[in-house]
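Just below is one structure, and these are the notes that go with it.
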Amino acid sequence: FMRESYASRKPPVSGTVDVERLEQSAREKLKGREDAFSYVFCNAGTSATYHNNRKEFDKWKIVPRMLRDTTVRSIETSLFGVKYPAPLMLAPIGVQGIVHAEAELASAAAVGKLGLPFIMSSAATRSIEAVAKANGTGPRWYQLYWPSNDDITRSILSRIKASGFSALVVTLDCMMLGWRPRDIDAAYLPFFHSVGAQIGLTDPVFMARHRLEPISPEEVPAFPYDPAHLDALLQQGDEKTMQLVRLGADWIAQTNAGQFRSWEDLKFLREQWEGPLILKGILSVEDAELAIDAGVDGIVVSNHGGRQVDGAVPSLYALQKICQSAKVKQAQASGKFTVLVDSGVRTGSDMFKAIVLGAQGVLLGRPFIYGLAIAGQAGVENVVKSILAEFEITLGLCGYKNLEEIHGRGEEIMVRLD
Ligand code: FNR
């Protein structure tokens, strides 16, 4: 892809491979859609954590080595016993339908083609079955917002298993939404309730609780993504629409704003789910060690992109501390515990830094949503390929041929300058 990028005489399909220009261009694309725009770009509070995520990446400086032959390079890796072409996956991001009409189907198809994991959000705007189909033979994981009702949890787990999702990512840092001023100003939430409910509307257990048949994945409506349009529908008082909106709100209440859970409760998920179980939203060394004790297979060190606790520790800082724990190191080395990271990853150089500090893979968040907003599936593909090309170039230019040579080597390879 590196050769392709330099040799091509056409500009990239996303218009740019520069991540700042990409963000700008996505903003322009969403002009007049203040609701969607602010939902994607908003953070908790003053955005302090969002900015500090980036600052922490900047503090680390790579010290490249010379006169080493890195002609033959590989960025392949194994996660949870499966080989992947690169240590990158798409972060679970909800309601993708608000930025592009093809929504999750486009992003799942894009990484499906590349062989990298698509992590489907519990707040997706397409059903589990439709996303699996779009993802094709690609690897897929499912992110769970833990429902308050165990029967619904069981139903989701059986659906994702039947649809070929191989790993379960349980998000712990969003038991309720953070304080997000921009969303509140844009009065966005009611809209969110109705668009992100396709998984519920197609769920047999959830629908049976309302004495209804589940809607088939082929027939479940994509809600209008324009709040004005939705408002108009609601004002008309069309009974069918009203019912779907009510069901949507109930689904979100039961799932996305789930009840608080304990380490003890995790046993239930461990029993119900045979595949890799990954906890997302871990920021403290103690919680990482508790995760090992709880018998989970991995964690995503994450502060949700700075969207939950304003002032929370930068994700990369937490990663470094967690990977310095002897217990974590040992669990990682034994192959029984995998540490992933997200929040603030924007470039291939960021990927390099995360891996040097001990991550085994990174989740790409907002940048792929920019690609999706700008050019759908082709846009996502372009963004992912660009970041991977830059990662591979960085690896080679720094004197390394593969991930083993850099993983966890910290200050042997980088310095931190405040
Ligand atoms: C998210 N994130 C998220 N996480 C999750 O577990 N389930 C979800 O449904 C969502 N939804 C969501 C929507 C939007 C618009 C954003 C930006 C983020 C968090 C996501 O998985 C990831 O942790 C962050 O995106 C990482 O931060 P950056 O790199 O995007 O800044």
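Numbering (our numbering), first residue to last: 6 to 423. In this text, a Cβ means the ideal position worked out from N, Cα and C, and glycines have one as well.
Distance cut-off 7 Å: residue i Cβ against heavy atoms of ligand 1
| i | result |
| --- | --- |
| Ser-391 | no |
| Leu-72 | no |
| Ala-317 | no |
| Thr-203 | Position check: residue 203 holds Gln in this sequence, whereas Thr was assumed. Checking the Cβ of Gln-203 against ligand 1 gives no. |
| Thr-176 | yes |
| Tyr-322 | no |
| Cys-179 | yes |
| Ala-96 | yes |
| Val-350 | yes |
| Arg-275 | no |
| Gly-366 | no |
| Tyr-375 | no |
| Asp-40 | no |
| His-309 | yes |
| Val-314 | no |
| Tyr-44 | yes |
| Ser-126 | yes |
| Gly-99 | yes |
| Arg-266 | no |
| Gln-148 | yes |
| Arg-371 | yes |
| Lys-285 | yes |
Cα-Cα separation, residue i to residue j
| i | j | result |
| --- | --- | --- |
| Ala-135 | Val-420 | 46 Å |
| His-105 | Ile-398 | 31 Å |
| Gln-445 | Ser-126 | The requested residue 445 does not occur in the structure, where the chain is confined to residues 6 to 423. |
| Glu-417 | Gly-120 | 32 Å |
| Phe-342 | Leu-235 | 45 Å |
| Gly-363 | Thr-207 | 40 Å |
| Trp-146 | Gln-277 | 16 Å |
| Val-361 | Ile-98 | 26 Å |
| Ala-202 | Arg-70 | 51 Å |
| Arg-185 | Ile-157 | 28 Å |
| Val-45 | Leu-93 | 21 Å |
| Gly-415 | Arg-266 | 34 Å |
| Leu-271 | Ile-257 | 21 Å |
| Gln-259 | Leu-252 | 10 Å |
| Asp-178 | Ser-13 | 42 Å |
| Ser-112 | Ser-171 | 18 Å |
| Trp-151 | Asn-387 | 32 Å |
Contact belief for residue i with residue j at Cβ below 8 Å, rounded distance in angstroms
| i | j | result |
| --- | --- | --- |
| Val-100 | Ala-380 | With 8 Å as the limit, Val-100 and Ala-380 do not qualify as a contact, their Cβ atoms being about 19 Å apart. |
| Leu-84 | Gly-366 | 6 Å |
| Gly-102 | Thr-82 | Contact flag wrong, Cβ pair sits at about 31 Å. |
| Ser-348 | Gly-310 | 5 Å |
| Gly-370 | Val-350 | 7 Å |
| Thr-142 | Gly-183 | Not really, about 36 Å apart at Cβ, beyond 8 Å. |
| Ile-124 | Leu-368 | 7 Å |
| Ile-327 | Val-344 | 7 Å |
heavy atom of ligand 3 below 7 Å from residue i C-beta
| i | result |
| --- | --- |
| Asp-347 | This structure lacks ligand 3; the ligands present are ligand 1. |
Scan the segment 171 to 230 and note each continuous alpha helix (DSSP H) run of 4 residues or more that stays entirely inside, going in chain order. Whole alpha helix (DSSP H) segments, 4+ residues: 186 to 190, 194 to 200, 203 to 206 and 209 to 214.
Entirely within the segment 276 to 358 and at least 3 residues each: give me those beta strand (DSSP E) ranges in chain order. Given a length threshold of 3 residues, each whole run of the beta strand (DSSP E) inside the segment 276 to 358 is given here in chain order: 282 to 287, 303 to 306 and 343 to 346.
Alpha helix (DSSP H) segments (min. 4 residues) lying fully within the segment 44 to 81: With a minimum length of 4 residues, the continuous alpha helix (DSSP H) runs that stay inside the segment 44 to 81 are 53 to 64.
The segment 31 to 51 contacting the segment 297 to 307, beta-carbon criterion three pairs below 8 Å: They do not touch, by the three-pair rule.
Count the C-beta pairs between the segment 8 to 27 and the segment 377 to 396 that are closer than 8 Å, then say yes if the count reaches three, no if not. Taking a cut-off of 8 Å for Cβ pairs, the segment 8 to 27 and the segment 377 to 396 touch, as three or more such pairs fall below it.
If you pair each beta-carbon of the segment 49 to 57 with each one of the segment 376 to 391, do three or more pairs fall below 8 Å? Because the criterion of three Cβ pairs below 8 Å is not met, the segment 49 to 57 and the segment 376 to 391 do not touch.
Indicate whether the contact test is met: 3 or more Cβ pairs, each with one atom in the segment 277 to 291 and one in the segment 237 to 256, closer than 8 Å. No: the two stretches stay apart, fewer than three of their Cβ pairs being nearer than 8 Å.
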